[in-house]
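K.L.:
Top to bottom, those sequences are chains A and B. All letters in the first sequence, in the order written, are residues 3 to 356 by my numbering. All letters in the second sequence, in the order written, are residues 3 to 356 by my numbering. C-beta: ideal position from N, C-alpha, C; glycine also.
2 protein chains.
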Amino acid sequence: MSRFWSPLVSQLEPYVPGEQPKVSNLIKLNTNENPYPPSPAALEAMQAEMGASLRLYPDPESSEIKAAVAEYYKLSPEQVFVGNGSDEVLAHAFQALINPAKPLLYPDITYSFYPVYCQLYGITPKTMPLDAEFAINPADYQTDNGGIIFPNPNAPTGLLLPLDCIKQILDANPDTVVMVDEAYIDFGGESAVSLINDYDNLLVIQTLSKSRSLAGLRVGFAMGNADLIDGLERVKNSFNSYPIDRLAIKGSVAAIKDTAWFEMTRGKIIASREKLTHELQALGFSVIPSAANFVFAHHPEHNAQQLGEKLRDNKIIVRYFNKPRISEYIRITVGTEEECEALMSNLKSLITTS
Amino acid sequence: MSRFWSPLVSQLEPYVPGEQPKVSNLIKLNTNENPYPPSPAALEAMQAEMGASLRLYPDPESSEIKAAVAEYYKLSPEQVFVGNGSDEVLAHAFQALINPAKPLLYPDITYSFYPVYCQLYGITPKTMPLDAEFAINPADYQTDNGGIIFPNPNAPTGLLLPLDCIKQILDANPDTVVMVDEAYIDFGGESAVSLINDYDNLLVIQTLSKSRSLAGLRVGFAMGNADLIDGLERVKNSFNSYPIDRLAIKGSVAAIKDTAWFEMTRGKIIASREKLTHELQALGFSVIPSAANFVFAHHPEHNAQQLGEKLRDNKIIVRYFNKPRISEYIRITVGTEEECEALMSNLKSLITTS
Numbered sequence: 003m004s005r006f007w008s009p010l011v012s013q014l015e016p017y018v019p020g021e022q023p024k025v026s027n028l029i030k031l032n033t034n035e036n037p038y039p040p041s042p043a044a045l046e047a048m049q050a051e052m053g054a055s056l057r058l059y060p061d062p063e064s065s066e067i068k069a070a071v072a073e074y075y076k077l078s079p080e081q082v083f084v085g086n087g088s089d090e091v092l093a094h095a096f097q098a099l100i101n102p103a104k105p106l107l108y109p110d111i112t113y114s115f116y117p118v119y120c121q122l123y124g125i126t127p128k129t130m131p132l133d134a135e136f137a138i139n140p141a142d143y144q145t146d147n148g149g150i151i152f153p154n155p156n157a158p159t160g161l162l163l164p165l166d167c168i169k170q171i172l173d174a175n176p177d178t179v180v181m182v183d184e185a186y187i188d189f190g191g192e193s194a195v196s197l198i199n200d201y202d203n204l205l206v207i208q209t210l211s212k213s214r215s216l217a218g219l220r221v222g223f224a225m226g227n228a229d230l231i232d233g234l235e236r237v238k239n240s241f242n243s244y245p246i247d248r249l250a251i252k253g254s255v256a257a258i259k260d261t262a263w264f265e266m267t268r269g270k271i272i273a274s275r276e277k278l279t280h281e282l283q284a285l286g287f288s289v290i291p292s293a294a295n296f297v298f299a300h301h302p303e304h305n306a307q308q309l310g311e312k313l314r315d316n317k318i319i320v321r322y323f324n325k326p327r328i329s330e331y332i333r334i335t336v337g338t339e340e341e342c343e344a345l346m347s348n349l350k351s352l353i354t355t356s
Numbered sequence: 003m004s005r006f007w008s009p010l011v012s013q014l015e016p017y018v019p020g021e022q023p024k025v026s027n028l029i030k031l032n033t034n035e036n037p038y039p040p041s042p043a044a045l046e047a048m049q050a051e052m053g054a055s056l057r058l059y060p061d062p063e064s065s066e067i068k069a070a071v072a073e074y075y076k077l078s079p080e081q082v083f084v085g086n087g088s089d090e091v092l093a094h095a096f097q098a099l100i101n102p103a104k105p106l107l108y109p110d111i112t113y114s115f116y117p118v119y120c121q122l123y124g125i126t127p128k129t130m131p132l133d134a135e136f137a138i139n140p141a142d143y144q145t146d147n148g149g150i151i152f153p154n155p156n157a158p159t160g161l162l163l164p165l166d167c168i169k170q171i172l173d174a175n176p177d178t179v180v181m182v183d184e185a186y187i188d189f190g191g192e193s194a195v196s197l198i199n200d201y202d203n204l205l206v207i208q209t210l211s212k213s214r215s216l217a218g219l220r221v222g223f224a225m226g227n228a229d230l231i232d233g234l235e236r237v238k239n240s241f242n243s244y245p246i247d248r249l250a251i252k253g254s255v256a257a258i259k260d261t262a263w264f265e266m267t268r269g270k271i272i273a274s275r276e277k278l279t280h281e282l283q284a285l286g287f288s289v290i291p292s293a294a295n296f297v298f299a300h301h302p303e304h305n306a307q308q309l310g311e312k313l314r315d316n317k318i319i320v321r322y323f324n325k326p327r328i329s330e331y332i333r334i335t336v337g338t339e340e341e342c343e344a345l346m347s348n349l350k351s352l353i354t355t356s
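(1) Hey, how far is the Cα of Arg144(A) from the Cα of Gly222(B)?
(2) Report yes if the C-beta distance between Arg333(A) and Leu14(B) is below 7 Å; otherwise report no.
(3) Residues of chain B with CB under 8 Å from Met266(A), in chain order?
(4) Since Tyr38(B) meets chain A, which of its residues come closer than 9 Å, beta carbon to beta carbon?
(5) Helix, strand or coil for Met3(A), going by three-state DSSP, please let me know.
(6) Counting only C-beta atoms, is Thr33(B) closer than 7 Å to chain A at any point?
(7) Do Tyr38(B) and Ser215(B) count as a contact pair if the criterion is CB distance below 7 Å?
(8) First and last residue of the alpha helix (DSSP H) that includes Thr354(B)?
(9) List, in chain order, every chain B residue whose beta-carbon is nearer than 7 Å to that of Pro60(A).
(10) If you check the beta carbons only, do Ala98(A) and Val11(B) fall under 7 Å apart?
(11) Here's the rule I'm using: 16 or more other beta-carbon atoms within 10 Å means buried, otherwise exposed. How should Pro40(A) be labelled?
(12) By the criterion of Cβ-Cβ separation under 8 Å, what are the contact partners of Gly337(A) in chain B?
(13) Which value, in whole angstroms, describes the spacing of the CA atoms of Glu80(B) and Gly20(A)?
(14) Work out the CA separation of Thr279(B) and Gly87(B) for me, nearest whole Å.
(15) Where does the unbroken alpha helix (DSSP H) through Pro117(B) begin, and where does it stop?
(16) Identify, in the order they occur along the chain, each residue of the same chain with its Cβ nearer than 8 Å to the Cβ of Val297(B), setting aside the five sequence neighbours on each side.
(17) Spell out whether any CB of chain A is found under 7 Å from the CB atom of Phe189(B).
(18) Whole angstroms are fine: how far does the CA of Gln22(B) sit from the CA of Ser243(A)?
(19) Would you call Leu24(B) buried or exposed, if buried means 16 or more other Cβ atoms sit within 10 Å of its Cβ?
(20) How would you list, in chain order, the residues of chain A whose beta-carbon sits under 7 Å from the beta-carbon of Asn348(B)?
(21) Run the CB neighbour count on Glu135(A), radius 10 Å, all protein chains shown included, and call it buried at 16 or more, exposed below.
(22) So, with DSSP's three-state summary, where would you put Tyr74(A)?
(23) For the alpha helix (DSSP H) containing Arg268(B), list its first residue and its last residue.
(24) Starting from Ile207(B), trace the beta strand (DSSP E) both ways and give me its first and last residue.
(25) Is the number of C-beta pairs between the region 41-60 of chain B and the region 237-257 of chain B that are closer than 8 Å three or more?
(26) Enumerate in chain order the residues of its own chain whose CB-to-CB distance from Ala257(B) is below 7 Å, with the five nearest sequence positions on each side excluded.
(27) Going along chain B in order, which residues have a C-beta closer than 7 Å to the C-beta of Pro16(A)?
(28) So with Cβ pairs under 7 Å, would you call Ala98(B) a contact of chain A?
(29) When the Cα atoms are used, what is the spatial distance from Lys30(B) to Met266(B)?
(30) Hey, how far is the Cα of Asp229(B) from the Cα of Gln121(B)?
(31) Any beta-carbon of chain B closer than 7 Å to the one on Trp7(A)?
(32) Among residues of its own chain, excluding the 5 on either side of Met3(A), which ones have a beta-carbon nearer than 7 Å to its beta-carbon?
(33) Run through chain B and tell me which residues come within less than 7 Å of Glu399(A), C-beta to C-beta.
(34) Run the CB neighbour count on Thr33(A), radius 10 Å, all protein chains shown included, and call it buried at 16 or more, exposed below.
(35) Along the region 72-90 of chain A, what residues have a CB closer than 9 Å to any CB found in chain B?
(36) Mapping the DSSP letters down to three states, classify Ala47(B) as helix, strand or coil.
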């Protein structure tokens, strides 16, 4: 606390991201990074940009990224917004597209950055409880609101909401923006992008951090009606003209275009997730069906927090959330085959010896 | 305009940055980029980071950059904040450290992003007229306020405010934050950083975009009392956990440590600026004494806007501001020796033939 802080700052409870350990001998299954390296074509494109041109500002519009996303999803570039990671995109969307005079609706169990954005922009959230199986009930989202947001697949559960249910929510809310946060969609879900030309109230947010193995580069994007995108641009251009650096522009474009690498790596992750799920179940865990690159698992006889701590002692880090309804779960990122094997071998000995 | 926009968005008048042309055969003297390439050591450090590690999130704290800045300026890392370009740093500072119940004071002629931030964060600005020589009068900043900001050297004039005057402003405002925006300080001014341990109300903002030739990388930083920095961190961590990518972290650290490259390139720019100033004066221009990497010049017999357009026809772009008091000036970035010669040769023929 400082007498120089604005009244807002004094009230903020900032987001706490998963640990980014500064030692490298850990098996890191805590922040849903991709276990495989980025597309070699993306690295090459960034190598080619590495030189004297870095003295110049980047394209403030990141037009090349917009064009690449538009081509990939058969949209127009005016339907694409680009930001410094999908967290920045979400922040701008909360400020630009939510009506703060009414509550923003989102699930009770969801990405824990949403309530932080609400504080930052003076938005009142109203949480809608997931059902007993952690599923979103579209009927819950028919109450008066200033906007709606949910991740799909949801985080940290990994559970997918089918497109039909998303349509129900969109149909019930023609006058407010429905934001579908698709950070994990490429690992097993169908994107709502296909609905953009039918619903002017739909904003779909994606990231290169997960399925394109570029968490270290910080690029996310949103897709929707050109009017929604224009609203985001207005906030972005009132905040930071040049959020995406020259290397990130080149790397992102090449990563989006390298569909072969994308398909190969996500295929491996999906296969590993299914194997991991079965092995966890064989060990007595209940595992929520995941369409993401992580699993959310609960063991009826073992305390989740302690299990996480014991794994950490063995140099494996997973994510634990000390929150209502999910405090008996651990979230495990799907690693390489070797990392999954090391995890399972550790879990087996922890569970059989304790 | 869209019915989905928040009330705020509808009111915004976004910042318009200088043109970033997509053709490369121009002499680009319009956005104050450094004409020399970044430190070779910075490029090497980024090369070394270019690989599989990009799949992992960066250090959310950018601790290595904080340590490098702290070492360079003999501060502690807790006195350093890092952002995605100094524009992002400024945005966070406006939100975190200005009391919106009172006016924010800044000069009538200044960086045109300041009024945009005010709109974004509901701050009421109060502009203080520069004197007839475009100088800041410290006595003007003794009125009740919620904060003070000015660039030093000022933009787009290039005029430096001596440290004694900054002290006067700091002394007169012990209860509000005085932000000194030092984007151009390395080209001829004395940084207010030396005052940080004496004034808990001082925030100094700098960037790697100008004197470190890294506009394309997007890294800026602020320095001040640890409480002020903590306020900035709280806003940053409520907005975007990971604003600086892995390549930018490595490149920034190496650029800050490569003091030999920094001294060599800024020395050349300062020498070119002095030569350019004299040549412009010989051509009949009045030139404001500049401590920056640009000059602000006015010709009594030639319309500034037309001069800019004619230069543009000859593939040289400079910056023109159609604003009160400065509409008869052009701002010219100091380029390489060859670029300065091309500019002068063009100006000579434009001025003698028209």
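P.N.:
According to the structure data:
(1) Stepping through the first sequence from its first residue, residue 144(A) is reached at position 142. Stepping through the second sequence from its first residue, residue 222(B) is reached at position 220. Residue identity check: residue 144(A) is Gln in the sequence provided, not Arg. If I take the Cα positions, the gap works out to 44 Å.
(2) Counted from its first residue, the first sequence places residue 333(A) at position 331. Counted from its first residue, the second sequence places residue 14(B) at position 12. The answer is no: Cβ separation not under 7 Å.
(3) What you label residue 266(A) is simply residue 264 of the first sequence in a count that begins at 1. By Cβ distance, chain B contributes nothing, its closest Cβ being about 14 Å from Met266(A), past 8 Å.
(4) Locating residue 38(B) in the second sequence gives position 36, counting from the first residue. Under the 9 Å cutoff, chain A gives Ala54 and Arg57.
(5) As a position in the first sequence, residue 3(A) is number 1, starting the count at 1. Residue state, collapsed to three classes: coil.
(6) Your numbering for residue 33(B) matches position 31 in the second sequence. Answer yes: the Cβ-Cβ gap between Thr33(B) and chain A drops below 7 Å somewhere.
(7) Position 213 of the second sequence, counted from the first residue, corresponds to residue 215(B). Position 36 of the second sequence, counted from the first residue, corresponds to residue 38(B). Going by C-beta atoms, Ser215(B) is nearer than 7 Å to Tyr38(B).
(8) Against the second sequence, residue 354(B) aligns to sequence position 352. Counting along the chain, the alpha helix (DSSP H) containing Thr354(B) begins and ends at Glu339 to Thr355.
(9) Within the first sequence, numbered from 1, the residue matching residue 60(A) stands at position 58. Close to Pro60(A), with beta-carbon spacing below 7 Å, are these residues of chain B in chain order: Gly218.
(10) Reading the first sequence from its first residue, position 96 is the one you call residue 98(A). Reading the second sequence from its first residue, position 9 is the one you call residue 11(B). With respect to the 7 Å criterion, Ala98(A) and Val11(B) are classified as neighbours on the basis of their beta carbons.
(11) On the first sequence, residue 40(A) is found 38 positions in, with the first residue counted as 1. Under this definition Pro40(A) is a buried residue.
(12) Within the first sequence, numbered from 1, the residue matching residue 337(A) stands at position 335. Under the 8 Å cutoff, chain B gives no residues; its nearest Cβ is about 11 Å from Gly337(A).
(13) For the purposes of this step, residue 80(B) is taken as the residue at position 78 of the second sequence. For the purposes of this step, residue 20(A) is taken as the residue at position 18 of the first sequence. Approximately 21 Å, taken between the alpha carbons.
(14) Position 85 of the second sequence, counted from the first residue, corresponds to residue 87(B). Position 277 of the second sequence, counted from the first residue, corresponds to residue 279(B). In a straight line, the C-alpha of Gly87(B) is about 29 Å away from that of Thr279(B).
(15) Counting from one through the second sequence, the residue named residue 117(B) turns up at place 115. Tyr116 to Tyr123 is the extent of the alpha helix (DSSP H) around Pro117(B).
(16) Working through the second sequence from its first residue, we reach residue 297(B) at position 295. The residues are Gly160, Arg275, Leu278, Thr279, Leu282, Val289, Ile290, Arg333, Ile334 and Val336.
(17) The residue you call residue 189(B) lines up with position 187 of the second sequence. No, Phe189(B) does not count as interfacial toward chain A.
(18) As a working note, residue 243(A) is residue 241 in the first sequence. As a working note, residue 22(B) is residue 20 in the second sequence. Roughly 11 Å separates the two Cα atoms.
(19) Taking the second sequence and counting its residues from 1, one reaches residue 24(B) at position 22. Just to set this straight, residue 24(B) is Lys in the shown sequence, not Leu. Its Cβ having fewer than 16 others within 10 Å, Lys24(B) is exposed.
(20) Residue numbering aside, residue 348(B) sits at position 346 when the second sequence is read from its first letter. In chain order: nothing, as chain A lies at least about 21 Å away.
(21) On the first sequence, position 133 is the one that residue 135(A) refers to. Counting Cβ neighbours within 10 Å, Glu135(A) comes out exposed, since fewer than 16 surround it.
(22) If you number the first sequence from 1, residue 74(A) lands on position 72. In this structure, Tyr74(A) counts as helix in the three-state DSSP scheme.
(23) Residue numbering aside, residue 268(B) sits at position 266 when the second sequence is read from its first letter. Unbroken alpha helix (DSSP H) run through Arg268(B): Thr261 to Ala284.
(24) Stepping through the second sequence from its first residue, residue 207(B) is reached at position 205. Leu204 to Thr209 is the span of the beta strand (DSSP E), which, as asked, contains Ile207(B).
(25) yes
(26) Residue numbering aside, residue 257(B) sits at position 255 when the second sequence is read from its first letter. Answer for Ala257(B): Pro40, Ser41, Ala44, Leu210, Arg214 and Leu216, listed in chain order.
(27) Reading the first sequence from its first residue, position 14 is the one you call residue 16(A). Chain B residues near Pro16(A): Arg236, Asn239 and Ser240.
(28) Start at 1 with the first residue of the second sequence, and residue 98(B) comes out as number 96. Ala98(B) counts as touching chain A.
(29) In the second sequence, the residue the question calls residue 30(B) occupies position 28. In the second sequence, the residue the question calls residue 266(B) occupies position 264. Cα to Cα, Lys30(B) sits roughly 21 Å from Met266(B).
(30) Position 227 of the second sequence, counting from 1, holds the residue named residue 229(B). Position 119 of the second sequence, counting from 1, holds the residue named residue 121(B). Using only the alpha carbons, I get a separation of about 25 Å.
(31) Taking the first sequence and counting its residues from 1, the one referred to as residue 7(A) is at position 5. True, the Cβ-Cβ gap to chain B drops below 7 Å.
(32) The residue given as residue 3(A) occupies position 1 in the first sequence. Scanning its chain for C-beta atoms nearer than 7 Å, with the 5 sequence neighbours on each side dropped, one finds around Met3(A) the residues Ser12, in chain order.
(33) Any answer about residue 399(A) is impossible in this case: the structure gives chain A only from 3 up to 356.
(34) Locating residue 33(A) in the first sequence gives position 31, where the first residue counts as 1. Label assigned to Thr33(A): buried.
(35) Gly85, Asn86, Gly87, Asp89 and Glu90
(36) For the purposes of this step, residue 47(B) is identified with residue 45 of the second sequence, where counting begins at 1. Correct three-state label for Ala47(B): helix.
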